[in-house]
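Down below is the structure, laid out as structure tokens.
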Amino acid sequence: MNLIKVGYSDISPFVERQLHGFLVSHFPVVKSDSCDYLICSVGQYGGTYNKFLKIDSPIRIFWTGENVIPDFNLFDYAFGFSPIVFSDRYFRCPNYVFYDSFKFLLEKRPTQELAIENKRFCNFIYSNSNCHPYRDNFFRRLSEYKRVDLAGGHLNNIGFRPEAAYSPRWEAGKLALQRQYKFSIAMENSSTLGYTTEKIVQALASGTIPIYWGNPEIANEFSPECFINCHDFITIDDVIDRVVEIDTNDQLYHSIVRKPFFDEQSIGPSLYSRLVSQFDYIFRQPIHSATRRNKYVWGAEYEMRAIMAHECLAGEGAC
6 MNLIKVGYSD ISPFVERQLH GFLVSHFPVV KSDSCDYLIC SVGQYGGTYN
56 KFLKIDSPIR IFWTGENVIP DFNLFDYAFG FSPIVFSDRY FRCPNYVFYD
106 SFKFLLEKRP TQELAIENKR FCNFIYSNSN CHPYRDNFFR RLSEYKRVDL
156 AGGHLNNIGF RPEAAYSPRW EAGKLALQRQ YKFSIAMENS STLGYTTEKI
206 VQALASGTIP IYWGNPEIAN EFSPECFINC HDFITIDDVI DRVVEIDTND
256 QLYHSIVRKP FFDEQSIGPS LYSRLVSQFD YIFRQPIHSA TRRNKYVWGA
306 EYEMRAIMAH ECLAGEGAC
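The opening residue of the sequence shown carries number 6 in our numbering; numbering runs sequentially from there.
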């Protein structure tokens, strides 16, 4: 395989480090200002975005760690959360694939008895207040049963917090904190099919029981026996009844935390190798035949309108 020149745009430093580290470990990849493959994302929340539109690159690849669906009028290939099928142009890849906690889950579940006598009840570690109300509502309702420790920047009630999210020591610090608890509220900021982030992965890796809400099809990724799936219950009160049942029965608690992370239906164990295969497929094609997006007539018009909209919002052009 020839040298592969890639560039990055509208992507956070954390994700760029993860993705580029993955690519260089499997392919002869170098960063280049005159790239053949431009890897793009959604930009900074509340800040700049769509800068990729002004970067000349034969092949655009969309990668996201957020709950958005790619625009295939602007990208040749995409990696995201949604369980969509679009010929050879899309691969569903939850962002947790690069996390150390996910690598831990791929190892055999520890068999030793987990001491729970000195464990606190439940943690809630979030910095984002602009999320679906289910997450905060659940915390408040569960707090009526027992105190829930809030350790993030949002609603913090313990006086300290782990490293800032996505900093170099963030995950290790978060897992160290979660290990002190029996349960972790592991809920996404929104709920759509396929949107599974690192939250449930980190909770499982820390030896707690995740209380999960977000992707209604989460049981396709992890064994439904090792966590509490809010989507299996009609109301928040029903979920809390299940939490109380487990919390007050040590034998039941131990049986759940010893369950395997994956079952025969889980897609997780094959995710990494399939991701390598998808990038291999993209990179092995000659550049001229790897192009997928339409660059002519209405394809060009669509992109021009996107550029004009970006310039307007950025204050760089007429609106």
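Ideal placement from N, C-alpha and C gives every residue a C-beta, glycine not left out. Predicted model, so just to flag it, every value in this text is computed and none were measured.
Residue j beta carbon less than 8 Å from that of residue i
i	j	result
His-1	Ser-196	Any answer about residue 1 is impossible in this case: the structure gives the chain only from 6 up to 324.
Glu-203	Tyr-104	yes
Ser-39	Ile-16	no
Ile-44	Leu-24	yes
Gly-157	Tyr-131	yes
Tyr-200	Phe-80	no
Lys-187	Lys-124	yes
Phe-267	Ser-228	yes
Asn-128	Ala-311	no
Val-244	Gly-212	no
Ile-216	Ser-260	no
Arg-94	Arg-297	yes
Reduced DSSP secondary structure (H/G/I, E/B, other) of residue i
i	result
Leu-160	coil
Lys-187	strand
Ser-148	helix
Met-309	helix
Val-34	strand
Lys-300	coil
Lys-124	coil
Asn-78	coil
Ser-134	coil
Asp-246	helix
Ile-89	coil
Ala-170	coil
Ser-282	helix
Ser-14	strand
Pro-215	strand
Asn-254	coil
Arg-22	helix
Phe-57	helix
Rounded separation between residue i and residue j - CA only
i	j	result
Phe-57	Pro-63	12 Å
Thr-83	Phe-284	The residue you asked about is not Thr; residue 83 is Ala in the sequence shown. Whole-angstrom Cα-Cα distance: 11 Å.
Glu-269	Glu-222	15 Å
Pro-325	Pro-33	With the chain covering only 6 through 324, there is no way to say anything about residue 325.
Gln-3	Ile-241	Given that the chain is displayed from residue 6 to residue 324, the structure contains no residue 3 and the question cannot be resolved.
Ser-275	Cys-317	43 Å
Glu-250	Val-29	48 Å
Val-35	Ala-314	32 Å
His-31	Tyr-13	18 Å
Val-102	Tyr-277	6 Å
Leu-280	Ile-287	11 Å
Trp-68	Lys-59	18 Å
Spatial neighbours of residue i in its chain, beta-carbon cut-off 6 Å, leaving aside the 5 residues before and after
i	result
Phe-96	Phe-84, Gln-283
Asn-78	Tyr-307
Same chain, Cβ closer than 7 Å to residue i, five either side skipped, listed in chain order
i	result
Glu-306	none
Gly-219	Met-192, Glu-193, Ser-196, Tyr-200, Thr-201
Asn-100	Gly-70, Thr-202, Glu-203
Arg-166	Ala-156, Gly-157, Gly-158
Near the ligand MG: residue i beta-carbon under 7 Å from a heavy atom
i	result
Lys-113	The model depicted lacks the ligand MG and carries no ligand whatsoever.
Residues near residue i in its chain [Cβ-Cβ closer than 8 Å; skip 5 each side]
i	result
Val-73	Val-47, Gly-85
Arg-146	Ile-241, Asp-242, Ile-245
Ile-214	Lys-187, Phe-188, Ser-189, Ala-208, Cys-231, Phe-232, Ile-233, Ile-251, Tyr-258, Ile-261, Val-262
Quiz prompt | Segment contact, 8 Å Cβ cut-off, at least three pairs: the stretch 201–216 with the stretch 95–110 | solution = A contact exists between the stretch 201–216 and the stretch 95–110.
Practice problem: Mind the definition here: the stretch 301–313 touches the stretch 254–270 only if three or more C-beta pairs lie below 8 Å; say whether that holds. | Solution: Counting Cβ pairs under 8 Å, fewer than three are found: no touch.
Exercise. Determine, using beta-carbon pairs with one atom in the stretch 159–175 and one in the stretch 237–253, whether at least three such pairs fall under 8 Å.
Key: Because the criterion of three Cβ pairs below 8 Å is not met, the stretch 159–175 and the stretch 237–253 do not touch.
Quiz prompt | Validate contact between the stretch 178–187 and the stretch 139–152 using beta carbons, cut 8 Å, 3 pairs | solution = The stretch 178–187 vs the stretch 139–152: no contact.
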